[in-house]
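Report on the structure given below.
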Amino acid sequence: MPATGADAGPLFARPLCVSCRRCGRKRVFGSTSVEARQLESETLSRLVCRHCGARDATAVRLSDDREAARWLKDR
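The following block contains the structure:
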């Protein structure tokens, strides 16, 4: 049985970048945050956009916090 959540290793220590599909607002959960250590499905099911109230978001895992900061700035 594969490990899940915080026990799953390096995959779950990578930053989680989330974007609201309705308004386009973006958020990055750094590699040390609880949200970044959970599965995407667990995190996305709980998220609500503070700007528009939507519960529809997309998530991307990037390799490190520097790349996540670049994603937030450039997109």
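Basically the working numbering = 1-based index in the sequence shown + 500. Glycine included, every Cβ here is placed at the ideal spot set by N, Cα and C. Quantities reported herein were computed from a predicted structural model and do not represent experimental measurements.
Check	Outcome
Which residue comes first and which comes last in the beta strand (DSSP E) that contains residue 519?	516 to 520
Rounded to whole angstroms, what's the CA-CA distance from residue 541 to residue 547? Just pull it up for me.	10 Å
Do residue 528 and residue 568 come within 9 Å of each other at the CB atom, strictly closer than that value?	yes
For residue 548, list the residues DSSP reports as bridge partners.	For residue 548, which the question treats as bridged, DSSP gives no partner whatsoever.
Here's the rule I'm using: 16 or more other beta-carbon atoms within 10 Å means buried, otherwise exposed. How should residue 543 be labelled?	buried
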